[in-house]
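In my numbering, the protein residues as written are 2 to 354.
Notes follow the structure.
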């Protein structure tokens, strides 16, 4: 299994092509035609450039950057949780700058209204008509900063945008740009002035990444950079290193990764095991299983594999499912965590050979 944040930074993939997986029977669904190996290798190198560029500004958060890459390739969204001051916002800003995509930031506050996020109808006195003024959600990457500091009504304004990738207004559906990723940050729930995210909202996030305190050496490096004049507000040393076309092509390549029936069955067995856990009130749903599969395919592709293996599934399990389990109150009082439950589930579920 992996560290709580979902990735071991020291084991971050090199993105060099790995030996192809042994031939296996394809899944029941049709498998798209594979792209040339050279094209996939070039796209993986592009993703490596993103990591290298982000490293210019961020120290000790390699796992978080990898999680953002996986979510981008899987066309999902990310929830970053950590105490103030651990570079959650800086990671997302650096990531978006390296991608060169249009990015907007919304600071969620107790008085933020839904229209402040998605947009609203505004009366135009010149024409005598109402027109829709687009909100910050109409972007490639939306940084929803401290999302749990605003009431549930405003949090829910993101639901349709995250799931349907569109915003409805006055009977019309307005599509969002592609690619589109919501990277939301939140403080731990026990912090003052926070609101728990609704279950339906949590389920829209592909991953929840826990951003912890850096190791001592990384913290020293952070201080050295600041002592040498680094400014996290400017990020002038960071530049776009990939194109939107490369990102879309990488998403398609990740979607072509094959999945055998054995691996599909393994994902289902893991989901069913969470529902049978005595510590869990609400286990992983079929939507959770499809999310895990999408993340595992993206992770497999990043590691140069043409097929998903149980190892890929296990690596993605905790970050993809930790926020989808609802624990029993007595288990929470005893200090049981979703991460611990998922670790136990992996240990007790038979792995296909």
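Beta carbons are placed, not taken as given, at the ideal position from N, Cα and C, and that holds for glycine.
Any beta strand (DSSP E) of 3 or more consecutive residues that is wholly inside the segment 46-111 | 79-82, 104-108
Do three or more CB pairs link the segment 82-98 to the segment 300-315 at distances below 8 Å?
-> no
Residues in its own chain within less than 6 Å of residue 217 by CB, not counting five upstream and five downstream?
-> none
Give me the Cα-Cα distance between residue 353 and residue 328, rounded to the nearest whole angstrom.
-> 28 Å
Spatially closest choice to residue 105 from 349, 134, 145, by CA coordinates = 145
Inter-residue Cα distance where the pair is residue 130 and residue 124 | If you draw a straight line from the Cα of residue 130 to the Cα of residue 124, it comes to about 6 Å.
Cα-Cα, which of 326, 310, 312, 313 is closest to residue 274?
-> 326
So what's residue 166 in DSSP terms, helix, strand or just coil?
-> coil
8 Å contact criterion, which residue 119 and residue 157 should meet: CB distance rounded | 10 Å between Cβ atoms; not a contact.
Between the C-alpha atoms of residue 299 and residue 186, what's the straight-line distance to the nearest angstrom?
-> 22 Å
Decide yes or no for the touch test of the segment 75-86 against the segment 194-209: beta carbon pairs closer than 8 Å, at least 3 of them.
-> yes
Going along the chain, which residues of its own chain have a beta-carbon closer than 7 Å to the beta-carbon of residue 219, five neighbours each way excluded?
-> Spatial neighbours of residue 219 in its own chain (CB-CB distance under 7 Å, excluding positions within 5 residues in sequence) are listed in chain order as 60, 61.
Which runs of the alpha helix (DSSP H) spanning at least 4 residues fall entirely within the segment 200-262, listed in chain order?
-> 200-203, 217-228, 245-256
Between residue 176 and residue 252, what straight-line distance do the alpha-carbon atoms span, to the nearest angstrom?
-> 19 Å
In angstroms with no decimal places, state the Cα-to-Cα distance between residue 1 and residue 116.
-> Look at the range of the chain in this structure, 2 to 354, and you will see that residue 1 is not part of it.
For residue 293, which option in 56, 316, 281 has the closest C-alpha, if you only look at C-alpha atoms?
-> 316
Residue 134 in three-state terms, based on DSSP = Three-state result, residue 134: strand.
Simplified DSSP state of residue 268, which is helix, strand or coil | The answer is helix: DSSP assigns residue 268 an H, G or I state.
Span separating the alpha-carbon of residue 49 from that of residue 182 = Answer to the nearest angstrom: the Cα atoms are 19 Å apart.
Given 8 Å as the limit, is there contact between the segment 235-244 and the segment 279-294, that is, 3 or more CB pairs closer than that?
-> no
Leaving aside the five residues before and after residue 30 along the sequence, list all residues of the same chain whose C-beta is less than 7 Å from its C-beta, in chain order.
-> Confidence at residue 30 is low in this model, with a pLDDT of 40, below 50, so the placement of that residue should be treated as unreliable; the coordinate-derived value is given next. For residue 30, where only same-chain residues beyond five positions count, there are no Cβ hits under 7 Å.
Which residue from 184, 309, 278, 272 puts its Cα closest to that of residue 97?
-> Cα-wise, what sits closest to residue 97 is 184.
Given a cut-off of 8 Å, decide if residue 271 and residue 344 are closer than it, judged by their beta-carbon atoms.
-> no
Pick from 342, 255, 179, 223: whose alpha carbon is nearest that of residue 279?
-> 342
Hey, does residue 63 have any beta-carbon neighbour from chain C nearer than 8 Å?
-> Absent from the structure: chain C. Only one protein chain is present.
Could you name the residues that DSSP lists as bridge partners for residue 314?
-> In DSSP, residue 314 forms no bridge with anything.
Beta-carbon gap between residue 301 and residue 258 smaller than 8 Å | yes
In the DSSP assignment, find the alpha helix (DSSP H) that holds residue 1 and state where it starts and stops.
-> Since the displayed the chain opens at 2 and closes at 354, residue 1 lies outside it and no answer follows.
Cross-strand partners of residue 284 (DSSP beta bridge) | Paired residue(s): none; residue 284 is not in a bridge.
For residue 186, which residues does DSSP report across the bridge?
-> Residue 186 is bridged by DSSP to 81.
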